[in-house]
Amino acid sequence: MDAQGRGRAGDNNVDPADQWVFDPNTGNYELRLDHAGQAPARPSDRKTPGSRRAARNPGSEGGDTDTRPLPTQRGRRNEGAAAEDGERPSGGRAARRAAGNRTATATASGPVGRRKPKPKATGKKKALYWTAGVVSFVLVAGCGAAYYVYQQLDGNISKVDVGVENEAVSSGPVNVLIIGTDARDGKGNSGYGDAGSVGHADTTILMHISKDRTNATALSIPRDMITNIPNCPTKQKDGSKKIVPGENQVRFNTSLGQEGRDPGCTWRTVEQMTGLKINHFMMADFNAVKELSTAVDGVEVCAAKDLNDPKSHLKLKAGRHIVKGEQALAFVRTRHAIGFGSDLDRIKMQQQFLSSLIRKLKSSAFSSPGKLYDVSQAATKALTVDTGIGTAGKLLDFGNDLKKVDIDKITFATVPVLDNPKDPATVILNKTAADPLFAMVRADHTLAKGKKGKGKKSAPVKKAPPEQVRVDVTNGGGPIGSAQETVDWLQNSKAAKLSTNAGNAPAKLAATRLEYAPNQADQAATLADWMGLPKSALKKSAQNAGDRQPMKLTLGKDFKAPGSPIEAPTETPDGVQNVNADDKNVCAK
């Protein structure tokens, strides 16, 4: 990194990590660019009334700059001759050269006198940034010279104008679309992906962070899921716009790369599917996994059995392992050695890897400036983002906004799907489970287990089997045809053959209502679960019903579609695979 823009353009051999030294007055590591005595003083270095600046040799007794050696960067040797007392000159290469030259002098870098030391800076937690097939992080916080680092990090980041530019920091909930592409671009990637392909949305995660920043949910979207892709405006190299026509009933992964689609097309496809408004996207290729896992000195993973996948080239014995580089990439690409060998099994591998990566990045192990710099470089080099977070400064603001979420409140889940009867190589959205899941996320409800409910919970009511559910359905405010649509859904999807279309209700209702008798409580519990009805929608009469008397379901103005929850659930829907990021006992099997 050069020093242009800071009054220095001299020694090209100076490593930025070697120039960060500990300042006892602030409790922070700060950048020292004055190894030749020519750096302009920082505002905190200016003289105060009554004080004088002392010139001294670096490392001389009485200096107010702590020049203890920083943690050594990975792969670098300690340089410089040993001092007479057996210790090496500290403070990095620049300081060591100055210590060997007794004619060189340096200006004192901090205030002197009787002033009380400043309290240590607070809020030094690392900022989190999520990216691509792995959730990557940019970690540049607590550094007094962050701007100096930004100049290089800015040049690492690639941007795509998707026609939407949101602010980096939002006061509401945040949805980040994380895309991992299987394009073969990048050093060492020629053996992966499809030859000549422009890439697909191979791994896609929608990360939702709640408005109060107390919880986060990461939804993995299966690449082979059949879905509809909307029309997509794309910006061309000459600045013009081109509309890429949408397609119906195609694989989700074709939302990127194919027909000229950019990340904005995947963005719009996910918004259409989930009803969640996306704020930003981050995309990276295979190198993101390799470089980031190497920068953090490996990620711990677990295998419940021996794994040998000739497709991904992963070979692991049963037990815990530290993987990085090519081996880390092989781990997140593996599917043939686990479960049924499907993409859904591979998603579980990715969720285990990402959870472990998050735990490592949130740990105290990442406090040295050198390590933060390494990880920042790896993450930003792998990133392609939208213009709303297209600078290192915006990324830092973005990450500082999101870092408040505790690990045990981060949950990975897979969008629920069913086997596609028309094509066994693909899957289709399981709307019965997906709709309440999406509603739960939209309502900022956490999927993390262990959340304490308020009040005393009543004993659960036993549910009746589908063939015993007897109900008349009337339309009291829903779209035209809602009653018949609901009956068809109940009979065909739920095997509730005793459901009947009773026409229009005599009066309009603002909210959907289910009326039932005490001896129909088990039927009502089953129907309420199917329809996603809140407790407020259930109206129990005082008298028991006759043997063949049906319940009465009146669809109100709040009705959207059969099976679409009227009110967002607070518990994870049945059949939704999920894992907590703080669970250290997840093993591939």
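Numbers given in our numbering equal positions in the sequence shown, counted from 1, plus 29.
Even glycine gets a Cβ: it sits at the ideal position worked out from N, Cα and C.
Query	Result
Within 7 Å, strictly: CB atoms of Val279 and Thr263	no
CA-to-CA distance, Ala317 to Ala170, given in whole angstroms	Below a pLDDT of 50, predicted positions are generally treated as unreliable, and Ala170, at 31, falls in that range; no measurement from the model is reported.
Alpha carbon of Leu345 to alpha carbon of Phe427, nearest angstrom	37 Å
Nonlocal neighbours in the same chain, by C-beta distance under 8 Å from Arg372, ignoring five residues either side	For the record, residue 372 in the displayed sequence is Asp; it is not Arg. Closer than 8 Å at the Cβ level, and outside the excluded window around Asp372, lie Pro251, Arg252, Asp253, Arg364.
Any 3 or more C-beta pairs closer than 8 Å across the region 413 to 431 and the region 577 to 595	no
Whole-Å CB distance - Ser385 paired with Glu320, under 8 Å assumed	Actually they do not touch by this definition, with Cβ atoms about 17 Å apart.
As assigned by DSSP and simplified to three states, the class of Phe315	helix
Test: Gly289 CB closer than 7 Å to a CB of chain D	The structure shown has no chain D; it contains just one protein chain.
Pro262, DSSP secondary structure in three states	strand
Gln11, DSSP secondary structure in three states	A query on residue 11 cannot be resolved here, the shown segment of the chain reaching from 30 to 618 and no further.
From Gly268, Ser249, Asn277, residue whose alpha carbon lies closest to that of Ile258	Asn277
Length at least 4, wholly inside the region 504 to 578: the alpha helix (DSSP H) runs in chain order	511 to 522, 550 to 560
Helix, strand or coil at Ser341 [DSSP, three-state]	coil
Residues that DSSP places opposite His309 in a beta bridge	Val205
Ser200 Cβ short of 6 Å to the ligand GDP heavy atom set	The ligand GDP is absent from the structure shown, which contains no ligand whatsoever.
Supposed close pair His237, Pro202 - CB separation, criterion 8 Å	7 Å
Sequence-distant residues of its chain with Cβ nearer than 8 Å to Thr295 (five each side left out)	Leu206, Ile208, Ala230, Thr233, Ser284, Leu285, Phe310
Start and end residues, alpha helix (DSSP H) containing Ala421	421 to 431
Assigned secondary structure, Phe588 (DSSP; H/G/I helix, E/B strand, else coil)	coil
Bridge partner(s) assigned by DSSP for Lys581	Asp501, Glu544
Meets three-Cβ-pair contact criterion under 8 Å: the region 445 to 464 and the region 588 to 595	yes
First and last residue of the uninterrupted alpha helix (DSSP H) at Ile376	372 to 391
Buried/exposed call for Arg362, threshold 16 Cβ in 10 Å	buried
Within 7 Å, strictly: CB atoms of Thr529 and Thr246	no
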